[in-house]
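Quick note, the sequence shown lines up with residues 1 to 421 if you use UniProt numbering.
A virtual CB, placed ideally from N, CA and C, is assigned to each residue, including glycine.
Everything numeric in this text was worked out from a predicted model, so none of it was measured.
Comments concern the structure below.
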Amino acid sequence: MIRLPYRHSLFWKLSGLTIAACLVIVWLSLSWGRSMEHSHYELAQADKEELLNYAASVEQAWRTQGKEGVETALRRIREGEQVWAVAVDRLYQPLGQRALTPSDADRFSFMRRLDWPLSGRATELPVMDIPFPQHPEAGRLAMELPERMWSGKPSVLGRLVIHGLFPMATMFLLCILLYRQLMVPLRWLQEQASSACRSGRKPTIGVSARSDELGELGRAFDHMAERLEGHVDYQQRLLRDMSHELRTPLSRLRVLCESSEDANTLRARLERELAGMQELVETTLELAWLDTDRPSLLCEPISMQSLWNILIEDACFETGWSRDAFVYRLPDNCCVQAHLNSLARALENLLRNAIRYSPEGGYVILGGIVRAASGCCGYKTKVRGLQKVRSTTSSSRLPGSMVPGLAVTDSAWVFPSPDRH
């Protein structure tokens with residue numbers, strides 16, 4: 001089944017403009033065409049008066065001179081206008097001296113009155129029926145319309161203007177409106193993209209405020225720009241953190257090389273520093289893998305309280321902390337749809353960093369924020385004496401921290417986000 005576009009779709013605007021343009025073309029072409037043809041098929045008032053004067057002269061000759069006068073008046077009309085003309089009574093009998101021929105009688109079948117429109121399909125001059133002005137019942141003048149009074153069909157130029165140039169102008173205006181509807185927002189997106197590439201600033205609100213497909217494109221562009229901006233900031237911050245994390249073990253190795261310790265001690269410390277650097281490299285590679293590949297992992301419902309209990313048991317065993325120092329503030333039935341290993345590693349990394357940077361006597365709180373709009377479950381880790389234990393806080397990094405490890409935690413947490421609730 002074909003689904004219609006939604007109410008604010010650009011389809012309705014474009015179809016409305018197209019339908020309106022078609023209606024305007026059809027309506028104005030018909031009305032103007034008929035008006036032009038009607039003006040060509042109607043006799044001018046001056047021509048009507050001249051034909052009435054011809055009929056009046058024939059009537060006057062009939063009353064004063066009889067058949068001879070009628071014949072003289074008809075002869076003047078024939079010679080002056082080069083047309084066929086006769087005068088007949090109401091029974092179509094000739095009023096002049098000349099008898100009617102069968103061809104003359106045939107002409108009486110196609111006569112037109114002065115107020116009738118002329119035929120546009122006629123190939124010969126029409127025959128006009130002109131009653132005598134003073135006594136119409138006495139007779140009438142039947143004559144061909146003089147060629148100078150016959151305008152014929154509308155001119156080719158007039159037809160070209162009405163049926164050719166006007167539709168072209170209307171369609172050109174329609175193309176301008178369609179171009180404006182489409183290209184103005186696209187040009188805005190192009191300018192915003194160029195501006196973002198030059199200055200790195202976020203795009204301003206423009207096309208994104210629309211409610212049609214172009215608005216969706218603008219919002220997707222804004223989201224992409226924000227993601228790219230965040231990605232660039234993240235890469236810069238990661239480079240700074242990596243330089244710091246590598247500078248520390250390199251300085252230690254330099255000090256070891258200058259020290260006078262025995263070979264076994266030097267070898268042990270060297271192996272420990274190399275292991276730390278190896279862990280840093282592996283963590284960075286894993287972070288790059290999580291940030292680029294994003295493979296689909298099997299997600300399952302996980303009880304946060306059960307996972308939290310397992311993690312704090314290991315933490316208490318390793319650090320000697322009391323279980324009272326770990327506070328769980330999520331609902332008892334809190335369940336997360338996620339990949340078990342990724343979620344466990346993320347929480348474990350957060351927990352270890354929280355323990356490492358907490359002051360003496362501090363405690364760790366695991367809380368959550370429910371986002372009803374997106375149906376996602378977030379997390380928040382609180383540590384007394386520590387503002388943030390996240391990879392996004394390079395300024396609050398403490399000596400000896402493993403910042404890429406925290407970044408892996410963030411990536412592992414958002415990794416199964418499409419299926420998390």
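For this session: Give the straight-line distance between the Cα atoms of Gln192 and Asp233, rounded to the nearest whole angstrom.
Result: 19 Å
Exercise. Can you tell which of Asp314, Ser103 and His231 has its C-alpha closest to the C-alpha of Ala344?
Worked result: Asp314
Exercise. Hey, how far is the Cα of Leu30 from the Cα of Gly164?
Worked result: 13 Å
Exercise. In angstroms, rounded to a whole number, what distance separates the CA positions of Gly16 and Leu189?
Worked result: 25 Å
Exercise. Taking three-plus beta-carbon pairs below 8 Å as touching, is the segment 296-313 in contact with the segment 263-278?
Worked result: no
Exercise. Per the contact definition of three or more C-beta pairs closer than 8 Å, is the segment 106-113 in contact with the segment 122-132?
Worked result: yes
Problem set entry | Close Cβ partners of Leu340 (< 7 Å) along its chain, the five nearest in sequence each way excluded | Glu300 and Ile302
Exercise. If you draw a straight line from the C-alpha of His8 to the C-alpha of Gln181, how long is it?
Worked result: 14 Å
For this session: Kindly provide the ranges of any alpha helix (DSSP H) runs that are 4 or more residues long and lie completely inside the segment 249-337, ordered along the chain.
Result: 263-292 and 304-319
Exercise. At a cut of 8 Å, does the segment 169-177 reach the segment 72-86 through at least three beta carbon pairs?
Worked result: no
Exercise. What is the DSSP secondary structure of Cys377, reduced to helix, strand or coil?
Worked result: Since pLDDT at Cys377 reaches only 41, below the 50 mark, its modelled position is unreliable, and no value is offered.
Exercise. Who are the near neighbours of Pro94 in its chain, counting only those whose CB is closer than 8 Å to its CB and skipping five residues on each side?
Worked result: Val86, Ala87, Val88 and Leu100
For this session: Inspect the beta-carbon positions of Gly367 and Cys334 and report whether they are closer than 8 Å.
Result: no
Problem set entry | Beta-bridge pairing of Met171 - partner residues as DSSP gives them | According to DSSP, Met171 bridges with nothing at all.
Problem set entry | Beta carbon of Gly218 nearer than 8 Å to that of Ser211 | no
Problem set entry | Proximity of Val70 and Ala61 at Cβ, strictly below 8 Å | yes
Problem set entry | For Ile176, three-class secondary structure by DSSP | helix
For this session: Tell me whether Asp222 is buried or exposed, calling it buried when 16 or more other Cβ atoms sit within 10 Å of its Cβ.
Result: buried
Problem set entry | C-beta atoms of Ile162 and Gly33 nearer than 8 Å | yes
Exercise. In whole angstroms, what is the alpha-carbon distance linking Gln82 and Glu144?
Worked result: 9 Å
Exercise. Mind checking Asp106: buried by the 16 CB within 10 Å criterion, or exposed?
Worked result: exposed
Exercise. Cα separation between His244 and Leu270?
Worked result: 19 Å
Exercise. Can you name the start and end residues of the beta strand (DSSP E) that Arg90 belongs to?
Worked result: Counting along the chain, Arg90 falls outside any beta strand (DSSP E), and DSSP gives it neither H nor E.
Exercise. Skipping 5 residues on each side, what residues in its chain have a beta carbon closer than 6 Å to that of Gly276?
Worked result: Pro249
Problem set entry | Arg113 - DSSP class collapsed to helix/strand/coil | coil
For this session: Reducing DSSP to helix, strand and coil, say where Ala73 ends up.
Result: helix
Problem set entry | Residue environment, Leu186, which counts as buried when at least 16 other CB atoms sit within 10 Å | exposed
Exercise. To which residues does DSSP link Val127 through a beta bridge?
Worked result: Met111 and Glu144
Exercise. Could you give the distance in angstroms between the alpha-carbon of Asp104 and the alpha-carbon of Gln45?
Worked result: 27 Å
Exercise. Can you give the Cα-Cα distance for Glu273 and Glu216, rounded to whole angstroms?
Worked result: 51 Å
Exercise. When burial is assigned at 16 or more other CB atoms within 10 Å of the CB, is Gly378 buried or exposed?
Worked result: Here the model assigns Gly378 a pLDDT of 37, short of 50, so the residue's position is not dependable and the matter cannot be decided.
For this session: Verify whether the separation of the beta carbon atoms of Glu49 and His135 is less than 8 Å.
Result: no
Exercise. Rounded C-beta distance between Leu10 and Glu213? I'm assuming under 8 Å.
Worked result: 5 Å
For this session: Could you check the C-alpha separation between Phe317 and Arg227 for me, to the nearest Å?
Result: 40 Å
Exercise. What number of angstroms, rounded off, separates the C-alpha of Leu330 from the C-alpha of Asp324?
Worked result: 16 Å
Exercise. Is it right to say Gly54 is buried, meaning 16 or more other beta carbons lie within 10 angstroms of its own, or is it exposed?
Worked result: Correcting the residue identity first, residue 54 is Tyr in this sequence and not Gly. Tyr54 should be labelled buried.
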